[in-house]
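These notes are about the structure you will find just below.
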């Protein structure tokens, strides 16, 4: 057991009342911080002797000399510094790779960091100074970064499950963290690791457990976490539930998030956009399961949500910024669907019909333009091409690229966007038309540009009507 006393340890007072006041000393501690760990200003108990921050026993054997104490402290501090510096090198290498979209290299660097820290476990424990707590902090940090990178970028969900299982077996954690959820980095790392494991399980098997950490411990963590961390957790959970067609659970999570936190203006906009995406996706995917009257009621309900999130002018959409860029483009596709569905209720000779169709086309083009900017990266995981990997290109549109045949197969029917239920098959023809229009723009061929723009508009409407199946809805 580890604890930090309010001031420096007082060996004489502690040893004189060691047996009598041991329980009091165990419970009188403050939350542990990294600064305290590095300074090693804590006391821990081992067998019948009390080990102090100087690293020597205060039992019957007597005290060591001050010179021996100082030498021991310096030696242990060198061990910590060397390990920290090496891990920082791995972190910096992984960060630079991520900035270049070389996510496979980032994952490799983080795996090396995990292996390095685990190899130093024997040295750390041998230091006899309670440094094992520091080791636990470091290993949780590296595992957390590795798992987050695998999940968010490479989308290798089976690998995420294996890494999480390795972590839980090493530290003997259960599925949910039972007990007090604190804001310390170590507890935060464990909660997020368990969250990623449960999300990966849902992605692979669509198995949602009621006692999952997603619905037990993560909401408690989100309540007290900072804005960015809480929003990140909520978006990860909602995106996973939406992509696996668990729309009711996704709506409940958005509602719970709004109820447990005092949302600022930016959080309110993002929460409203997330709800709008979920409602429009549920309407589209589950349309055939309901009667005509139920679908009309559902459309009126989703219109109330999505109308408040729609920008009044196109300039407002260009200026709109979300912390999560994927949420912005998912919101854009949701708006395109909504405008197209509204246009179906109008007559084709009305001006409102034309305006609604042009709005729908605008938001589809915004999504395709984003994909065009990243046309050299994998359409599924956004991995940038490397010298060792062969870039696979879609034979039809010749825009979508893939880092492996597995990613091409996975993204054909789904995961064109991480949190929406359509794949590259639905958008392929529109991306082909966009490529031909862009080629005409690049060579300044005005006649061809006008011709291809008309075709591009038709393909965007075709994406909504037939790719997403809105024609008969």
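Residue numbers (our numbering): 876 to 1348. Yeah, the Cβ is synthetic: ideal placement off N, Cα and C, and Gly gets one too. Keep in mind the model is a prediction, meaning the values are calculated, not measured.
| query | result |
| --- | --- |
| Could you tell me the distance, in whole angstroms, from the CA atom of residue 1185 to the CA atom of residue 1283? | 33 angstroms |
| Can the beta-carbon of residue 1022 be found closer than 7 angstroms to that of residue 1035? | yes |
| Among 965, 1233 and 1042, which residue has its Cα nearest to the Cα of residue 1329? | 1233 |
| Taking DSSP as the reference, what is the three-state secondary structure of residue 1231? | helix |
| I'd like to check one pair, residue 1152 with residue 1115: are the Cβ atoms closer than 7 angstroms? | no |
| Name the residue from 1066, 1285 and 1081 whose alpha carbon lies nearest to the alpha carbon of residue 1124. | 1081 |
| Would you list the one or two residues that DSSP bridges to residue 1253? | 1276 |
| Would you tell me roughly how many angstroms separate the C-alpha atoms of residue 1337 and residue 1011, rounded to the nearest one? | 54 angstroms |
| With distances taken from CA atoms, which of 1347, 1091, 1205 and 975 is nearest residue 1243? | 1205 |
| Out of 1275, 1287, 1216 and 1196, which one is the CA nearest neighbour of residue 1141? | 1196 |
| How many Å lie between residue 1215 and residue 1221 at the Cα? | 10 angstroms |
| Would you kindly work out how many angstroms separate the C-alpha atoms of residue 1067 and residue 1038, rounded to a whole number? | 13 angstroms |
| Please list, in chain order, all residues of the same chain as residue 1145 whose beta carbon is under 6 angstroms from its beta carbon, the five residues on each side excluded. | 1197 |
| When we look at the beta-carbon of residue 1318 and count the other beta-carbons within 10 Å, is it buried (16 or more) or exposed? | exposed |
| Check whether the region 1243 to 1259 and the region 975 to 986 touch, using three or more Cβ-Cβ pairs below 8 angstroms as the test. | yes |
| Per DSSP, what kind of secondary structure is residue 1138 in: helix, strand or coil? | coil |
| Just mark residue 1099 as buried or exposed, buried being the case when its beta carbon has 16 or more other beta carbons within 10 Å. | exposed |
| Just to confirm my understanding: we take residue 1228, look at its own chain, exclude 5 residues before and 5 after, and list those with CB closer than 8 angstroms. What are they? | 1218, 1221 and 1222 |
| Three or more C-beta pairs closer than 8 angstroms, one from the region 1268 to 1282 and one from the region 1295 to 1312: is that the case here? | yes |
| If you follow the alpha helix (DSSP H) that residue 1309 is in, where does it begin and where does it stop? | 1299 to 1317 |
| Based on Cα-Cα distance, which residue from 1295, 1325, 1088 and 992 lies nearest to residue 1154? | 1295 |
| Measure the beta-carbon distance from residue 1349 to residue 1150 and round it to whole angstroms, keeping in mind my assumption that it falls under 8 angstroms. | An answer regarding residue 1349 cannot be provided, because it is not within the stretch 876 to 1348 covered by the chain. |
| Does the beta-carbon distance from residue 993 to residue 965 come in below 7 angstroms? | no |
| Answer with yes or no whether the minimum CB distance from residue 1039 to chain C is below 7 angstroms. | In the displayed structure, chain C is absent; only one protein chain is listed. |
| Are residue 1335 and residue 1236 close, meaning C-beta to C-beta below 7 angstroms? | yes |
| Using a Cβ-Cβ cut-off of 7 angstroms (strictly less than) and excluding sequence neighbours within five positions of residue 1073, which residues of its own chain qualify? | 1087, 1088 and 1089 |
| Where residue 1113 and residue 953 are concerned, what is the direct C-alpha to C-alpha distance, given to the nearest angstrom? | 44 angstroms |
| On a Cα-Cα basis, can you pick out the residue from 1293, 1326, 1106 and 1018 that is closest to residue 1130? | 1106 |
| Identify the residues that DSSP records as bridge partners of residue 1267: which are they? | 1277 |
| Starting from residue 1216 and walking both ways along the alpha helix (DSSP H), at which residues does that stretch end? | 1200 to 1218 |
| Note down, in chain order, each residue of its chain lying with its Cβ closer than 6 angstroms to the Cβ of residue 1173, except the 5 sequence neighbours on either side. | 1158 |
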